[in-house]
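Residue numbers (mature numbering (1 follows the signal peptide of the UniProt record, and there is no 0)): -25 to -1, 1 to 158. Using N, Cα and C, we set each Cβ at its ideal position, and we do this for glycine too.
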């Protein structure tokens, strides 16, 4: 019996190592290569934007597939933050009262959008909070769409159309990816 004890101990240690390795491996699938990025983006209406955004962001292109949520929401947040800064710059340069009013409303919209995206990045790290992330992405799209609509209502030309469209489309891409990760 004493002869079997060292083997039993060795077996238990080996089993423990395998269990730890298996649990770590199940937590992190391999990082997405170009083929997997394309596969991830195929469900989106904006496949090219999705692929180019994920490939351009080193965090997203190197992250594990099941950790893609925070990476893709961060891409939207960074784009919205950049647009908010641009709106602020335009607001300070505007002389036309109608354009200035529209830009002030857009700045407020983007302030809310960025706030929601910051929270969504944190929540996207927790699978149980994905539903909240999707709700926040909907609010972001609504705020950005409202910004663009404000220019039409104010009879002013929007200098933000392309940027607003990009933020909305990136939020839609993030929505699709988060939804796919939920299944």
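Contact between residue 56 and residue 89 holds, with the beta-carbon distance rounding to 5 Å and staying under 8 Å. DSSP, reduced to helix, strand and coil, places residue 145 within a helical segment of the structure shown.
Cβ-Cβ distances below 7 Å link residue 112 to 95, 146, 149, 150 in the same chain, with the five nearest sequence neighbours on each side left out; the list follows chain order. Sixteen is the threshold: since fewer than 16 other Cβ atoms of the shown chains lie within 10 Å of the Cβ of residue 72, the residue is exposed. Residue 106 is classed as exposed because its beta carbon has fewer than 16 other beta carbons within 10 Å across all chains shown. Fewer than three beta-carbon pairs drawn from the region 22 to 31 and the region 121 to 140 are found closer than 8 Å, and the two stretches are therefore not classed as touching. If you ignore the 5 residues before and after residue 114, its C-beta comes within less than 6 Å of the C-beta of 91, all in its own chain and listed in chain order. For residue 42, no alpha helix (DSSP H) encloses it, and the DSSP letter there is neither H nor E. Within the same chain, Cβ atoms closer than 7 Å to the Cβ of residue 76 are found at 129, the five residues on either side in sequence being excluded. A distance below 9 Å separates the beta carbons of residue 79 and residue 66. Positions of the alpha helix (DSSP H) runs, each at least 4 residues long and wholly inside the region 42 to 127, are given as 43 to 68, 72 to 98 in order along the chain.
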